[in-house]
Amino acid sequence: MLDRFYLIIDGTHWLPRVLPLGVKLVQLRIKDKSEDEIRSQVKAAKQLCDKAGAVLVVNDHWQAAYDANVGYVHLGQEDLKTADFRALRSAGIYYGVSTHDEAELDTALALDPQYVALGPIYNSATKELRWQPQGLETLKRWKSRTNKHLVAIGGITLERAPDVFAAGADTIATISDVTAASNPEQRVSQWLQTSKNW
Numbered sequence: 373m374l375d376r377f378y379l380i381i382d383g384t385h386w387l388p389r390v391l392p393l394g395v396k397l398v399q400l401r402i403k404d405k406s407e408d409e410i411r412s413q414v415k416a417a418k419q420l421c422d423k424a425g426a427v428l429v430v431n432d433h434w435q436a437a438y439d440a441n442v443g444y445v446h447l448g449q450e451d452l453k454t455a456d457f458r459a460l461r462s463a464g465i466y467y468g469v470s471t472h473d474e475a476e477l478d479t480a481l482a483l484d485p486q487y488v489a490l491g492p493i494y495n496s497a498t499k500e501l502r503w504q505p506q507g508l509e510t511l512k513r514w515k516s517r518t519n520k521h522l523v524a525i526g527g528i529t530l531e532r533a534p535d536v537f538a539a540g541a542d543t544i545a546t547i548s549d550v551t552a553a554s555n556p557e558q559r560v561s562q563w564l565q566t567s568k569n570w
């Protein structure tokens, strides 16, 4: 089972700051870096997460994850055309898939992912999206459609988390609520402390 709190970071420099606090599920989401830099960070992140007993998920770069024997990858809809699912399955690598509407959910479910991510639930502060916020009612509806582990993402703060879980999310992924906080370590600790009650 995946942890309830899913932290998304943009580089391994975050790991020495958050892993000692008890983070057990982290996604490495690297953009606009060279292939060599990506592979280097994936390897370093795997070592750090393994040592801390945390699950590492590599965003998009499934080949680098495969080569480094990382246990999870996260794939956007655009990655589904190029990812080698046979290779991932044969290597025992789990994968989650981003979804934003009903058609994308159908596509994701046909691939039998470990989890499905639905977003944005609220307006996202980290990237411009062409999708409108899905809201809690969509989350409830999707929970009724599938028994897959459901990850909610997009504009979710700690204060909004109880409502998101009540609507059916199994896990909440967050980025800016931690990385843009004035004290990220304190914010992580608040998430982890509160998650004990979820």
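First residue of the sequence shown? That's 373 in my numbering, and the numbers climb one at a time after it.
Idealized CB from N, CA, C, for every residue including glycine.
- The DSSP-derived three-state label of I381 is strand.
- Of the residues W503, P485 and Q486, the one whose Cα lies closest to the Cα of H472 is W503.
- By the Cβ criterion, the stretch 396–407 is in contact with the stretch 415–433, since at least three pairs of Cβ atoms, one from each stretch, lie closer than 8 Å.
- Taken in chain order, the whole beta strand (DSSP E) runs of length 3 or more contained in the stretch 414–484 are 427–431, 444–447 and 466–471.
- CA-to-CA, the gap between H433 and I380 works out to about 15 Å.
- Under the three-state reduction of DSSP output, T543 falls in the strand class.
- Taking 8 Å as the cut-off, the Cβ atoms of I493 and G526 count as close.
- The DSSP assignment places 487–490 as complete runs of the beta strand (DSSP E) inside the stretch 486–515, in order along the chain (cut-off: 3 residues).
- L522 carries a strand assignment under DSSP once its states are collapsed to helix, strand and coil.
- Taking a C-beta distance under 8 Å as the contact criterion, R376 and W570 qualify as a contact pair.
- Separation of K453 and L483 (C-alpha to C-alpha, rounded to the nearest whole angstrom) is 12 Å.
- Going by beta carbons, I544 and A524 fall inside the 8 Å limit.
- Going by C-alpha positions, V445 is about 11 Å away from R461.
- Rounded to whole angstroms, the separation of the alpha carbons of F537 and K415 is 33 Å.
- Contact check for Y487 and I465: beta-carbon distance about 13 Å, past the 8 Å limit, so the pair fails to qualify.
- DSSP, read as helix, strand or coil, puts L397 in strand.
- Ranked by Cα distance from P556, the first of P388, G448 and K512 is P388.
- If the five residues before and after L530 are omitted, its C-beta is found closer than 7 Å to the C-beta atoms of D549, Q562, W563 and T566, all from its own chain and listed in chain order.
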